[in-house]
Each structure stands twice: as structure tokens, then as C-alpha cells.
Amino acid sequence: MPKVHKNIDVLQRIAELEERVQAMEREGWERDEVPFYPTSLRTFVYDDATSFTTLWETIISPRAATLSMGLVFIGDVVGTTNTGGEWRVQFNDSTTVASGNVPATFTYALPALSLDLTPYRADTQLKVQIQVRRTSGATTGGKFGGGGAIGGAPRYARLI
1 MPKVHKNIDV
11 LQRIAELEER
21 VQAMEREGWE
31 RDEVPFYPTS
41 LRTFVYDDAT
51 SFTTLWETII
61 SPRAATLSMG
71 LVFIGDVVGT
81 TNTGGEWRVQ
91 FNDSTTVASG
101 NVPATFTYAL
111 PALSLDLTPY
121 RADTQLKVQI
131 QVRRTSGATT
141 GGKFGGGGAI
151 GGAPRYARLI
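Mapping the sequence shown onto my numbering, position 52 (from 1) lands on 52, and the numbers just tick up by one.
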């Protein structure tokens, strides 16, 4: 019985191999970007208050082990008075999972967080809030008359 030799198209074979390599590179590197939504039109805090104000929030399904977040916060200057405060990330309106300070030096604070989601894996949804409060600075003047402001936003948020 004669043997039949199959003619191999090299370009087709290279295309198939490239496809397989791309699929393997994507495997294990999949990340879900998490959108956050502002809770006010300005997403700035102008009030001196003992309570925190939510700037950004979202609701996620905690199907991954970690929420990786990068945040940015900055105070304000009114005249020569700098405004500072505190920030925190809260789960389900009650559990503070990360916190820090917004320096009263008109410089950026750029925290990078890796938040553990394993206690929430059985939940169908998890509310994530980015909150700030102003603790120092001008109490009058500024754009809206309430003194200095604190601004903040998520730079990135990924489920890993």
C-alpha cells in the first residue's frame, strides 16, 4: 500500500501556531476591569465634617480573590491655606478595608491597594465605596464658598 504524504502549507501552520501562542498568553492573565461611578456631579468634598462622604462607588460580584485598586487624592489651596483630610475604602457600607491621609500640602496621594475578597466570595454582590472627609484647611472662600476641597478618584480597579 502506498503512503500518502500530506503537503504542508508553512504559512497556514505558522498562523495556527501564532493563534495558539496568543491563546496561551491570554490564559491566566485575564483581568476584569471594575468601573466606578461618581456619587455627585463634582466628586469633591467641600465640607468640614466628622463623617465621611462617598465620592465613588460600585457594586461587584466578588468572583475573584483580590481587588487591585489604584487611587488618587489631592487637597486644595485657598489663599495660602492648604486643605487636607482622610480617605478610606469601605465594603457594604460598614467594613473599612483600607484608609490613609490626604496631605495638607497640595500634593497628590497615590495609594495602591490589594484588597482581599475571599471573605466575600459566597456573596452575590459587594458594594465598594471610596470615601473622604476634610479635616483641615480653609472653611470659607474657594470656588463654591465652602473653603478648600478634597478630590479623589480611582486610577484603576481590577479583579484578579
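For glycine and all other residues, C-beta sits at the position ideal for the given N, C-alpha and C.
A quick note: this is a predicted structure, and the numbers were derived from the prediction, not measured.
- With contacts defined by Cβ atoms closer than 9 Å, Ala-65 and Asp-116 form a contacting pair.
- In the structure shown, Ile-160 adopts coil according to DSSP, grouped into three states.
- Annotation: the continuous beta strand (DSSP E) that includes Leu-126 extends over 126–136.
- Around the beta carbon of Asp-32, fewer than 16 other beta carbons sit within 10 angstroms, so the residue counts as exposed.
- Annotation: Thr-105 is outside any beta strand (DSSP E) and is labelled neither H nor E by DSSP.
- Taking Ser-68 as the centre and dropping the five residues before and after it, the same chain places the C-beta of Ser-114, Arg-158 and Ile-160 closer than 6 Å to its C-beta, in chain order.
- Rounded to the nearest whole angstrom, the CA to CA distance from Val-128 to Gly-152 is 15 Å.
- In the displayed model, Leu-55 falls within a strand according to three-state DSSP.
- Under DSSP, no beta-bridge partner is assigned to Arg-20.
- Here DSSP, grouped into helix, strand and coil, assigns Val-45 to strand.
- Membership of Asp-116 in the beta strand (DSSP E) is indicated by the continuous run 112–116.
- In the three-state reduction of the DSSP assignment, Pro-119 falls in the helix class, which pools H, G and I.
- Sixteen is the threshold: since fewer than 16 other Cβ atoms of the shown chains lie within 10 Å of the Cβ of Val-21, the residue is exposed.
- Between Val-34 and the set Ile-60, Ala-112, Glu-16 and Thr-118, the nearest pair of CA atoms involves Ile-60.
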